[in-house]
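Asker:
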Amino acid sequence: MDKRYRYLFGPVPSRRFGRSLGVDLSRPKTCSLDCIFCQLGRSSVKSVDRKEYVPTEMVLAELKDWISTDGRADYITLSGSGEPTLHSRFGDVLKFIRKHTAVPALLLTNGTMLHHPEVRAAACQADTVKASLSAWDDLSYRRINRPHPALRFDTLVEGEKAFRKEYTGTFFLEVFLVRGINTAPDDIKRIAALTREIAPDRVQLNTAVRPPAEEVVAALNREELKQISTFFDPEAEIIAASELTDGDPLSRNQDAILAMLRRRPCTADDIAGAFTMHMNEVSKYLGILIRNKRIVTEHRDGLVYYTVPSGRRR
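For the sequence shown, the working numbering gives the first residue as 37, with consecutive numbering after it.
1. Going along the chain, which residues of its own chain have a beta-carbon closer than 8 angstroms to the beta-carbon of arginine 125, five neighbours each way excluded?
2. What is the residue span of the beta strand (DSSP E) that isoleucine 112 lies within?
3. If contact is defined by three or more beta carbon pairs under 8 angstroms, each pair taking one atom from either stretch, is the segment 171-182 in contact with the segment 111-125?
4. Using a 10 Å radius around the Cβ and a threshold of 16 neighbouring Cβ atoms, would you call alanine 272 buried or exposed?
5. Could you pull the DSSP bridge partners for serine 168 from this structure?
6. Can you check the segment 80-125 for any beta strand (DSSP E) of at least 3 residues that lies completely inside it and give the ranges in chain order?
7. Should isoleucine 227 go down as buried or exposed, given a rule of 16 or more other Cβ atoms within 10 Å for buried?
8. How many Å lie between threonine 243 and aspartate 306 at the Cα?
9. Between which two residues does the beta strand (DSSP E) carrying alanine 229 extend?
10. Tell me whether histidine 151 sits in a helix, a strand or coil according to DSSP, three-state version.
11. Put histidine 184 into one of helix, strand or coil per three-state DSSP.
12. Using a Cβ-Cβ cut-off of 8 angstroms (strictly less than) and excluding sequence neighbours within five positions of leucine 339, which residues of its own chain qualify?
13. Below 8 angstroms on the Cβ atoms is my contact criterion, and I expect isoleucine 112 with valine 48 to pass it. Report the Cβ-Cβ distance as a whole number of Å.
14. What does the alpha-carbon distance come out to for the pair glutamate 98 and lysine 262?
15. When burial is assigned at 16 or more other CB atoms within 10 Å of the CB, is alanine 190 buried or exposed?
16. Say whether the segment 180-188 touches the segment 135-145, bearing in mind that this needs 3 or more beta-carbon pairs closer than 8 angstroms, one atom from each stretch.
17. Please report how far the alpha carbon of arginine 327 lies from the alpha carbon of threonine 333, in whole angstroms.
18. Residues bridged to cysteine 67 by DSSP?
19. DSSP state of glutamate 273, grouped into three classes?
20. Looking at the unbroken beta strand (DSSP E) that takes in leucine 241, where does it start and where does it end?
21. Helix, strand or coil, according to DSSP, for leucine 256 in the structure here?
22. Let me know the secondary structure DSSP gives valine 318 once reduced to three states.
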């Protein structure tokens, strides 16, 4: 993406959805949860207040410009730095996407607002919705997801059940697994039973790939995920790293890379895939950005991730 947008980012490589243009409707780290595994770090504002956190008309103007000048992605995704359904007009953004482009609209949500009928109605505008379920009762919910005090686990489950009944698109449910926290066989059985009640089109298992909010969060290996997947009926999918091969060329400059890294840490391979750059060129830009102290490195599971220091993300 040649231009620097305020509310759009990417397209970035997604392990599930290919090349995704992100739409950020939140202020940084404004969320209803403060999950121990969040790749964005701790929530700075934990809220259940639905309002227009960023100006909808400016978001739509950026989308209109992107569609007219580029418009190439596998999905346009409402995600970003917080919970998108907290934005009171996220449904209007989904309607705009569906009206003005053939690129499918994807909503990534933690599901906490789906007990509101108006949120479910707005979410039904998306072509695909991915919600989350990583606990089995209120105690585990508070340990893993650290919700706003007004939220209860049974409300989350009932909201996701109600949405499933109303939604005609593709509905994914992600179960995020943390070693020693929600991976005991009895716990997995309880989570699996709840997913059967919710009845999504697919259940997907995830674990820590990028550096999480808490250092105590430990990832599972693929064999462990495979064993856990058999507890689900039908068997859950394991999210694997994407291999983007024939994507369209994107902007090859430092500002574009910085825009990507402001949203989430990425490896050099992620950046090369997103911008269809040769690794030598990626290394050149990363070296300049590190020397200028505009990005820093983080190490996890033998991989090096690049990110923008928190004080320089705007």
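Ideal placement from N, C-alpha and C gives every residue a C-beta, glycine not left out.
Answerer: On the basis of the coordinates in this document:
1. Glu88 and Thr92
2. 111-115
3. no
4. buried
5. Glu210
6. 111-115
7. buried
8. Distance between the alpha carbons of threonine 243 and aspartate 306: 18 angstroms.
9. First-last for alanine 229: 221-234, but that is the alpha helix (DSSP H), not the beta strand (DSSP E).
10. Under the three-state reduction of DSSP, histidine 151 is assigned to coil, being neither helix nor strand.
11. Taken through DSSP and simplified to helix, strand or coil, histidine 184 comes out as coil.
12. Thr303
13. Not a contact, Cβ separation roughly 12 angstroms.
14. 41 angstroms
15. One point to set straight first is that residue 190 is aspartate, not alanine, in the sequence displayed. Answer is exposed; the Cβ neighbour count stays below 16.
16. no
17. Taking the straight line joining both Cα atoms gives about 12 angstroms.
18. Paired residue(s): Lys82.
19. strand
20. 238-243
21. coil
22. helix
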